[in-house]
Amino acid sequence: MISNAITLMIAVPLIGAVLCFAAKSQARIVALVASLVPLLISLQMYTGFDKTSKLMQFVESYNWVPSLGVKYTVGVDGIGMPLVLLSTIVSVLVIIYSWGEHDRANQFFALLLLNEVGVLGVFTSLDFFLFYIFWELVLIPMFFLIGNWGGPRKSYAAIKFFIYTHIASLIMLLAIFGLYFTYRMPDGSRTFDMLTLIQATSDKVLFPPALVNVIFAGLLFGFLVKMPAFPFHTWLPDAHVEAPTAGSVLLAALLLKMGGYGIFRVILPMLPNVDKVFITIIAIIAVLSIVYGAFLALAQKDLKKMVAYSSVSHMGFVTLGAVAFTWLSIQGAMFQQFSHGLITCVLFMSAGTIQHTVGTRIIADLGGLADRMPKFAVLMLAGFMASLGLPGMSGFVAEFTVLAGSYATLPFYTLIVIFFSVAITAAYHLWSMQKVMFGPILPKYLDVHDAHPYEIASMTAFILLIILFGVQPALITDIMGTAAYQVMEPVKTLAQMGVI
Amino acid sequence: MVNLVHYAPLYAEGLLTALAVLILFAGLFMKSKAMMGYVSLVGLALSLFLALTANTGSIFFFDTISVDPLSQFFKATFLVVSLLVVIASLTRYKESAGGDEFYALLLLATVGMMVVSSSIDLITLFVGFELASLSTYALAAFDKSRRNLEAAMKYFIFGSASSALMLFGFSLLYGMTGTTRISEIAATLTADFGPASLIALIFVIAGFAFKMALVPFHMWAPDTYEGAPSLVSALLAAGSKKMGFAAAFRVLFVAMVALRVEWYLAFAILAAVTMTLGNIVAIWQNNVRRIFAYSSVAQAGYIAIAFVVVGAAGTLPNSAYVAQTGIAGGLLLILGHALMKTGAFIATAVVAYMVLREGKTDPDDISSYAGLSKRAPITAFCLLIFMFALAGIPPTAGYIGKFVLFGSAINAGLVWLAVLAIINSAISLYYYLRIIMYMYLRPATGPKIAEPKGYMAALVLTTIGVIWIGVNPQPFIDYAMQAAAVLLPH
């Protein structure tokens, strides 16, 4: 086992980004190597991961700013490990998918690597100070990816993305200050240690209800904006529509997961200590995200915008499963994060490939592309089926588990989701797929060629993983089950808390 | 016979004064002015070393000058700023006539600021203030263009008015207490002087607020920063403005501590209005130097939070600690802002250098920055870092300063002020991103240029400093905490 695995995993892409930036040509090879190393490290961590342990593993801790109580502490548990794995997988496959990028390729690949640094940092930091630095670091590569390689309204989208999510981060920072200045370690010093501070909120004397509710609301806002949940999702369509394909993929597959990660790491352990009205609020937000997101997706003319809204809808399942607070639903919500991270890549890659081979993403203008793009059509179809929840693929497992688990504690909300979203979700996927790919080919698309081999390779890898985890979810859910148990163990179920 | 060793802690000031006179004198005989720049450079570097290694805790000249961690912190800041400005000037003022005067004035301004930061007597403080001000008035007009002259005139008139206000405030203080020593004033001012003490406070705050460019005393700053030579703007925004804080810290926290509640309220309003107005006005500017000027105003508003925290801390159970972190946060932001703004103004000098050769008349318009990342990649990258740092994105000096300062505000129970400051940070991001957008997301309007070496050296050093403080903040926090302790009763 490598010592300092996590630090190494974060440092390699960082160094890779610098090298990439300096590389005159062949930056993509540097990027591929620099992203394969973290993948191998994370795979080794996965095999060495103790699935039964509830403790943090691979922990490294060094003093950083002792006078403020800041430490460089990283480690993973069942919440972080799957997302680390997801980040390293997605980073490699996105770099392969972007193999044909020639416009300022060195900067492009450097930014992809920098993005990986940021998300890996977020998923492994156990110190709020460090966490916040990585949380903000992620914004910078994405800003430039959207702003430099984006669509016609790229500047507007890039600035809106940056400012909107930055405001959310700042509000989260205020809440972190609230925790930091209230709690003192037994020896009187202050700490930014995440686990300690979160656990401290159960102290009713130190954290009276008024204080803990405000802190909780601030943190929740920071995470919900990132996810994004209705009604804080308005930055997402602009960012997605304007971003280049690789940017959209990273945004949907990894950046949104940061919000979900925050929910599991910070929000759920605090949930029993706050006012119960929050459970209702979060549940309503979750249901609205799922249902409203699905209806919005149905209404879109632009394929990519449809996929973007489908993300809002699918991420709603994460919120719902989390707030339902049963062992099954939490585990399902965690798996939904992982599964959606894989599936959405295929969806955005499909939209991207269609855009650059055909020249448009407007669903109404497309038709019969399967005739000229047979390999691509198979992959896109598989991705869409996974997204609408076809059994045998990971999306089904995740959403089924969330719904089954949530029904126990939030039956009313779960039923709304089942009644209003399942059919709509199937509808927009099937309808758009049918219109874009099948039917007679339009004469103007007769000379369209199939997707590039590297695009096919990357999408195939995703589809194989989606099927693998659809058939064998235990590969990941075993870890998550322990984590879900660990989240619930110190507290009671919702029923015992007197919510339902 | 003077015992020279006794004055060892003041060698830094002595060296710079001697050097300034020497340069002026040598300028009469020597043709090459490039030499003067290198001499100043070495002199400033040596002074920085002397100032940092000087023994603290001694008092000189009949209790008027104190060498303590606080004055040391400010001296280091001023010297670093001057050093960077000199490095950048090596290209700019190499051949021009009067280069010797530029360096001499710069050194004298630095000495003036250093004197202010170590004064524990109102008269000495005022003399230091005037030395720095008079030198910078001349510097602001140095290139003798129309805009220079207008900028210098405005700066001179407002500066003189503020000196008059400050002096009037001092005279009232002297009248009431019969002394000009800061510590003795503190002891005497506890007696009831009726409205006179309040009037003195108003005049003193108004005088300092001009220098600090707090709203509504900020009107001169945008015009001066825009019109003066870029490198002088760097000195004004990063150095001489911080002198106002150095003076205000000593006079308000120590001498006028008895009026804590009054200045607490005054600064709560000043800080809130300054940061909000500065940021909102900056959004509408199209001249990059005006954007930086208003961003400076906004940053002064943030730094002014330190006064509010100290004021609010008075009644809290752990008041000493809260006040100390508040001042330390202010000091860290002063240091950070000094670096970031020096760098930003040096970058505008590079752009002006680039654009003026193409015959355009308005080098500071934001359109000149289009595609800067391709035309002058090093400058653009450094400016990018400064913009993110000014916006408070981690891990940079700007982030650490804001982090400690806003944190101390929350600790002092000033949640409203911290929230306002954070909203302001978010607003400010817009105009910083706008500059970044022009540099990185717009197509270039001209060919790539060879970036002048002097400017590059200064920019790269500043960038390293800004990131270094962000990544390794511990020694700087320790230093700021020690400096802050000087101002608090032991």
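Residue numbers (the working numbering), protein chains in the order written: chain A, 1 to 500; chain B, 1001 to 1490. All C-beta atoms, glycine included, are put in the ideal place defined by N, C-alpha and C.
{"Asked": "Classification of Met-1030/B by the beta-carbon crowding that lies within 10 angstroms, buried from 16 upward", "Found": "exposed"}
{"Asked": "Own chain, CB closer than 8 Å to Gly-1413/B, minus 5 neighbours either side, in chain order", "Found": "Ala-1312, Leu-1316"}
{"Asked": "Leu-465/A versus Leu-342/A - alpha carbon distance", "Found": "8 Å"}
{"Asked": "Outcome for Ser-1032/B when other beta-carbon atoms lying within 10 angstroms are tallied against a minimum of 16", "Found": "exposed"}
{"Asked": "Among Met-1340/B, Ala-1376/B, Leu-1333/B, Ala-1104/B, nearest to Val-1351/B - alpha-carbon criterion", "Found": "Ala-1376/B"}
{"Asked": "Neighbour list for Met-1437/B in chain A, Cβ cutoff strictly below 8 Å", "Found": "Gly-147, Ser-155, Ala-158, Ile-159"}
{"Asked": "8 Å Cβ cutoff, His-102/A in contact with chain B", "Found": "no"}
{"Asked": "Distance CB(Val-1466/B)-CB(Ile-1410/B) smaller than 8 Å", "Found": "no"}
{"Asked": "Helix, strand or coil at Lys-51/A [DSSP, three-state]", "Found": "coil"}
{"Asked": "Proximity winner among Gly-48/A, Leu-19/A, Pro-374/A, relative to Pro-453/A (alpha-carbon distances)", "Found": "Pro-374/A"}
{"Asked": "DSSP state of His-1006/B mapped onto helix, strand, coil", "Found": "helix"}
{"Asked": "Residues bridged to Arg-1181/B [DSSP beta-bridge criterion]", "Found": "Asp-1121/B"}
{"Asked": "Near-chain A residues of the region 1409-1428 of chain B (beta-carbon distance less than 7 Å), N- to C-terminal order", "Found": "Ile-1410, Asn-1411, Ala-1418, Val-1419, Ile-1422, Ser-1425, Ala-1426"}
{"Asked": "First and last residue of the uninterrupted beta strand (DSSP E) at Gln-57/A", "Found": "57-65"}
{"Asked": "Nearest residue (CA-CA) to Ser-155/A, options Thr-360/A, Gly-48/A, Pro-244/A", "Found": "Pro-244/A"}
{"Asked": "Same chain, Cβ closer than 7 Å to Ala-457/A, neighbours up to 5 away in sequence not counted", "Found": "Ile-96"}
{"Asked": "Cβ of Asp-1365/B within 8 Å of any chain A Cβ", "Found": "no"}
{"Asked": "Close-in-space but distant-in-sequence residues of the same chain around Phe-108/A (CB under 6 Å, 5 per side omitted)", "Found": "Glu-101"}
{"Asked": "Within-8 Å CB hit, Ile-133/A to chain B", "Found": "yes"}
{"Asked": "Residue span of the alpha helix (DSSP H) that contains Thr-1325/B, given as start and end", "Found": "1319-1356"}
{"Asked": "Candidates Phe-384/A, Val-448/A, Ile-41/A, Ala-175/A: closest to Asp-371/A by CA position", "Found": "Val-448/A"}
{"Asked": "Entirely enclosed alpha helix (DSSP H) segments - the region 1215-1273 of chain B, minimum 4 residues", "Found": "1220-1227, 1230-1234, 1241-1248"}
{"Asked": "Below-8 Å beta-carbon distance, Gln-1285/B vs any chain A residue", "Found": "no"}
{"Asked": "Cβ shell of Arg-1442/B (< 7 Å), same chain only, five flanking positions each side left out", "Found": "Ala-1370, Gly-1371"}
{"Asked": "Rounded C-alpha distance that separates Glu-242/A from Met-142/A", "Found": "12 Å"}
{"Asked": "As assigned by DSSP and simplified to three states, the class of Lys-375/A", "Found": "helix"}
{"Asked": "Buried or exposed by the 16-neighbour rule on C-beta atoms within 10 Å, applied to Ala-532/A", "Found": "Residue coverage of chain A in this structure runs from 1 to 500, which leaves residue 532/A outside it and unanswerable."}
{"Asked": "Environment of Lys-204/A [buried if 16+ CB atoms lie within 10 Å]", "Found": "exposed"}
{"Asked": "Continuous alpha helix (DSSP H) stretch holding Phe-508/A: start and end", "Found": "As displayed, chain A neither begins before 1 nor continues past 500, which places residue 508/A out of reach and without an answer."}
{"Asked": "Straight-line Cα distance separating His-356/A from Ile-1477/B", "Found": "52 Å"}
{"Asked": "Pair within 8 Å by beta-carbon distance, Gly-1392/B and Gly-1398/B", "Found": "yes"}
{"Asked": "For Asn-1055/B, the three-state DSSP class (helix, strand or coil)", "Found": "coil"}
{"Asked": "Interface residues of chain B facing Ser-61/A [CB-CB closer than 7 Å]", "Found": "None at all; the shortest Cβ gap to chain B is about 16 Å."}
{"Asked": "DSSP-derived helix/strand/coil call for Asn-273/A", "Found": "helix"}
{"Asked": "One or two residues paired with Lys-71/A in a DSSP bridge", "Found": "Asn-63/A"}
{"Asked": "First and last residue of the uninterrupted alpha helix (DSSP H) at Val-1086/B", "Found": "1069-1092"}
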